[in-house]
Amino acid sequence: MNALKGIITVAVILFCIGSMAFAQPRSMRGKSCFELQLGLWNEMRAGNQVGLGGATSEAKSRGFLGGISYSYWMREHLAISLAAGILAAEATSSQPFLWTPEQRSSSVVQILVGIKYHLLEPEPDESVRPYVAAAIGPVLGSESENAVFSQAAHSENAVGLRLGAGIDFLAGSWLKFGVNAGYNVMSDFRTPIGARKNYNGPDFSLGVGFLFGGRDPD
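Heads up: the sequence shown begins at -15 in the working numbering, then just goes up one per residue.
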């Protein structure tokens, strides 16, 4: 799995760099962007187990899994953003002998508002744009259980902060690719969500964005 992620990472970066050869001068000021992000190097586990007590299936994933974001460039080098991403997801199903199935599930989602500052104040004709970013917002945790004799669900909110850096590769007037790394810090949940009270840690993601609005320079 790690080898596959490495191959995907290299392939996307090479594609981004190659695409820049066809890029034309453009201004980002006044443009908007919807971006899809794929998280890499997160902890994933899935399996099935059959024992004397019955059968159990589980799927768990921790670390930034992916998300979607919207950005608006107020200036050539400065953008505001709104992003939603999944930090963890877990589902477990068990079938005890002589009993009905039991299911448990949990998820942790962050919704962050932030800014992106492009370094070196890029000119409109620059296609490679490194940046730093900061964002803050709520982290939403939810958990539910459907057991033999009971049903329960609860949700909690915490405060999250993310600091990051990355590079945008402009591949045309309507398309961009991105590579991003950052670190997430959050306050603890009062009770564990998916066996943890917080999901602090680094993340790395690749993104593809669709640009619209604004006006290209003459």
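Ideal Cβ positions, reconstructed from N, Cα and C, are used throughout, including at glycine. Just so it is clear, the structure is predicted and the values come from calculations on it, not from any experiment.
Taking the alpha carbon of residue i as the point to measure from, which residue in the options has its own alpha carbon closest?
i      : options                    : result
Leu190 : Gln21, Met12, Tyr167       : Gln21
Glu19  : Trp25, Gly47, Tyr54, Phe48 : Tyr54
Trp57  : Glu105, Leu49, Leu96       : Glu105
Ser45  : Ala72, Ile95, Ala68        : Ala72
Phe188 : Ser16, Leu24, Ala142       : Leu24
Tyr101 : Ile64, Ser91, Thr76        : Ile64
Gln135 : Ala179, Glu86, Val92       : Glu86
Gln94  : Ile52, Thr76, Glu110       : Ile52
Glu110 : Ala179, Phe153, Lys15      : Phe153
Counting only the same chain and skipping the five closest in sequence on each side, list residues whose C-beta sits under 6 Å from that of residue i.
i      : result
Ile151 : Pro114, Val163
Val169 : Leu145, Asn184
Ser139 : Ser126
Lys181 : Asp172, Phe173
Cys17  : Ser55, Gly193, Leu195
Ser90  : Glu74, Glu127, Ile177, Gly178
Pro186 : Tyr167
Lys15  : Trp57, Leu195, Gly197, Gly198
May I ask you to report which of helix, strand or coil DSSP gives residue i?
i      : result
Asp172 : coil
Met58  : strand
Ala136 : strand
Gly14  : coil
Lys241 : One cannot answer for residue 241 here, as it falls past the ends of the chain, which runs -15 to 202.
Ala155 : coil
Pro122 : strand
Gly191 : strand
Glu105 : coil
Gly198 : coil
Gly35  : Reliability fails at Gly35, whose pLDDT of 48 lies under 50, so the model's placement of it is uncertain and the value that follows must be treated cautiously. It is a strand residue.
Ser45  : strand
Val143 : strand
Glu110 : coil
Report the CB separation of residue i from residue j in whole angstroms; it is logged as a contact under 8 Å.
i      : j      : result
Leu62  : Ile120 : Not a contact, Cβ separation roughly 17 Å.
Glu129 : Ile177 : That pair is no contact at about 12 Å.
Gly47  : Glu74  : With a Cβ gap of about 12 Å, Gly47 and Glu74 do not count as contacting.
Are residue i and residue j touching if we call contact CB-CB under 9 Å?
i      : j      : result
Arg204 : Ala118 : With the chain covering -15 to 202 only, the question about residue 204 has no answer from this structure.
Val123 : Gly144 : yes
Val192 : Lys160 : yes
Ala142 : Asp172 : yes
Gly166 : Ala149 : yes
Closer than 8 Å by C-beta to residue i: which residues in its own chain qualify, once you throw out the five before and the five after it? Chain order, please.
i      : result
Gly50  : Leu20, Gln21, Leu22, Gly23, Gly69, Ile70, Ser189
Thr175 : His138, Glu140, Lys181
Apart from the five residues on each side of it in sequence, which residues of its chain come closer than 7 Å, Cβ to Cβ, to residue i?
i     : result
Arg13 : Trp57, Arg59, Glu60, Gly198
Leu96 : Ala67, Ala119, Ile120, Gly121, Gly144, Arg146
Ala5  : Confidence is the limiting factor: at Ala5 the pLDDT is only 49, short of 50, which leaves the residue's position unreliable, though a coordinate-based value still follows. Result list for Ala5: empty, nothing under 7 Å.
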